[in-house]
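Protein chains: 2
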Amino acid sequence: MTLDTVLIKRNSNFHHGNLRQTLVSAATNMIAENGIESLSLRKLAEKVGVSRTAAYHYFQDKNDLLCAIAANGFRRWQQSLDQLNANQLPERDKFEQYILGYISFATHNPEEYELMFGRCIWKQSKCTPELQDISHTTFQRQVEMIEYWQSIGLVSGDSPLKMAQVIWGTLHGIAKLFIDGVYADVGRAEEIVISALPMFLVSKL
Amino acid sequence: MTLDTVLIKRNSNFHHGNLRQTLVSAATNMIAENGIESLSLRKLAEKVGVSRTAAYHYFQDKNDLLCAIAANGFRRWQQSLDQLNANQLPERDKFEQYILGYISFATHNPEEYELMFGRCIWKQSKCTPELQDISHTTFQRQVEMIEYWQSIGLVSGDSPLKMAQVIWGTLHGIAKLFIDGVYADVGRAEEIVISALPMFLVSKL
DNA sequence: CCAGCAATTTGACACTGTCAAGATTGATTG
DNA sequence: CAATCAATCTTGACAGTGTCAAATTGCTGG
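Protein chains in written order, with this note's numbering: chain A, 578 to 782; chain B, 578 to 782.
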């Protein structure tokens, strides 16, 4: 059976075949448009053309669905990191790209970002093993990047872990304050983060 | 009519007299205990001993109530700032106290803090004029403090506004990542913010 | 003691997440 | 080819939720 026949069959079904994937991406869209607060499983089901409770065969919970969306976000962010590391830029530029990329990712996908780093998901038991895995891995990678930039004398600070935590904190804070509209008169969050960049460097150039 | 008779009368009523204040403080407690998500107007009403919709005579909305709680939080935080500025400490120590105080306030009142800086309230129309006022004032005061610390050569950076935004971003980010449990293995958020402190200073002492 | 006024309650509605049980589907056998 | 089967999806139901309109209560001045 070829891929084509699979697709044709799926289209001819009046139930979906790949409901899980469909639900996740539809939910991601709805969240991006109207905010995470206003996502209801029922509206989602209607949009996808399926009954209210269909999602419960693929997700334990509403929270479970949200975790899947967040996990997707982490995968996308990891791809960005891969791409960055594949570049042949000078390390100083890589660091700058990393910082700008982080802010750009956060401000262009604010709702998904909130899902990735908002309390609801990280805390306690409300976190899928899948999400726990990928988020942990992602943070580990970022620590290693900072560690490397410190080892070549680019980034300052003594403990790599602490420095990674500070840098991440700064990026997260600026991103969130910007997203939430607290920096009322700032056009792009990049303006702020660029002025923060020298703080992290050994030589302020 | 003395204060006593007022209180006696209020107690003898089986309706409350000062429902508004009662509602705000009860809601603040409930939020502190079980999180902002799980606050419902109906449970709040039951706790206060009043009917489901009583709150609607003092607040337009549930959101309006939340704004009142947030505004209270800002008032408390401003008092902390007053107290700090009244001290006769060296400025370098004041700056440190400011930073530690911010983190301490945020981590000890996580839910209230979320209300003060979470998207739901700042953004767009979902913000009471009262809240808008006091939050604006508070930020203004913090900018002035940073401005002063820059003018005496303590804090680095060229634009005071930008530096205030960066510092605030860093504090906010570290506070939030800590509150949300992202710094899995960190005991106190102060550990991290203390290692970030030198970044802001002209001389790294 | 009663009219009027403000504070509070009751009733109602549309929405939400979630569960248990039933119905439908496409695939797999005899 | 037809009948069965397991997976997939749907229907019905329930307890919550925020919020509005209308009814009710309690207090105060005449």
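The C-beta atom is built at its ideal place from N, Cα and C for all residues, glycine as well. All values reported here derive from a predicted model rather than from experimental measurement.
Query	Result
Test item: CB-CB of F694 of chain B and D757 of chain A under 8 Å	yes
DSSP three-state assignment for L677 of chain A, whether helix, strand or coil	helix
Residues within the stretch 701–721 of chain A neighbouring chain B, beta-carbon criterion of under 7 Å	none
Minimum Cβ-Cβ distance from K624 of chain B to chain A less than 8 Å	no
Amino acids of chain B, ordered along the chain, whose beta-carbon sits closer than 8 Å to that of I756 of chain A	R696
L731 of chain A - DSSP class collapsed to helix/strand/coil	coil
Bounding residues of the alpha helix (DSSP H) (the contiguous stretch that carries A761 of chain B)	Segment: none, A761 of chain B is in no alpha helix (DSSP H) and carries neither H nor E.
Residue environment, E610 of chain A, which counts as buried when at least 16 other CB atoms sit within 10 Å	exposed
Short-range partners of chain B found in the stretch 642–662 of chain A, where Cβ spacing is below 9 Å	none
DSSP-derived helix/strand/coil call for L666 of chain A	coil
Cutoff 8 Å: K753 of chain A Cβ touching any chain B Cβ	yes
Nearest-angstrom Cβ-Cβ length linking L658 of chain B and Q674 of chain B, presumed shorter than 8 Å	Their Cβ separation, rounded to whole angstroms, is 10 Å, which puts L658 of chain B and Q674 of chain B out of contact at 8 Å.
CB contact below 8 Å: Q742 of chain A versus chain B	yes
Minimum C-alpha distance to I771 of chain B - residue among B:A631, B:L748, B:A632 and B:A741	B:L748
Extent of the continuous alpha helix (DSSP H) run through R629 of chain A	Unbroken run through R629 of chain A: none, as it is neither H nor E.
Beta-carbon neighbours of K739 of chain B, restricted to chain A and to distances below 7 Å	I769 and S772
The stretch 671–690 of chain A / the stretch 634–651 of chain A touching (three or more Cβ pairs under 8 Å)	yes
Touching by the beta-carbon criterion (3+ pairs, under 8 Å), the stretch 598–605 of chain B and the stretch 613–623 of chain B	yes
Nearest-angstrom Cα separation, counted from Y725 of chain B out to A683 of chain A	32 Å
Helix, strand or coil at L616 of chain A according to DSSP, with G and I counted as helix	coil
Same chain, Cβ closer than 8 Å to G730 of chain A, five either side skipped, listed in chain order	V779
Residue-level contact to chain A via CB, H749 of chain B, 8 Å cutoff	yes
Residue(s) in a DSSP beta bridge with L738 of chain B	Per DSSP, none; premise fails for L738 of chain B.
With 16 other Cβ atoms within 10 Å as the buried cut-off, status of Y679 of chain A	buried
CA-to-CA distance, I608 of chain A to I744 of chain B, given in whole angstroms	30 Å
Where Y675 of chain A meets chain B, residues with beta-carbon distance less than 9 Å	Residues of chain B passing the Cβ test: none, with the nearest at roughly 16 Å.
Burial state of L616 of chain B (16 or more Cβ within 10 Å)	buried
Cβ-based neighbour list, A645 of chain A, same chain, cut-off 6 Å, excluding 5 preceding and 5 following	V601
Other residues of its chain near L541 of chain B: CB distance less than 8 Å, five sequence neighbours each side excluded	With chain B running from 578 to 782 in the structure shown, residue 541 of chain B is simply not present.
Residues of the stretch 596–620 of chain A with Cβ closer than 7 Å to any Cβ of chain B, in chain order	none
Between the CA atoms of D710 of chain B and D641 of chain B - distance to the nearest angstrom	14 Å
Chain B contact for V779 of chain A (CB, 8 Å cutoff)	no
Selected residue, minimal CA-CA separation from W654 of chain A, among A:I613, A:T605, A:K700 and A:T715	A:T715
7 Å Cβ shell around A631 of chain B - same chain, five flanking residues per side excluded	L596 and A622
DSSP beta-bridge partners of L778 of chain B	B:V732
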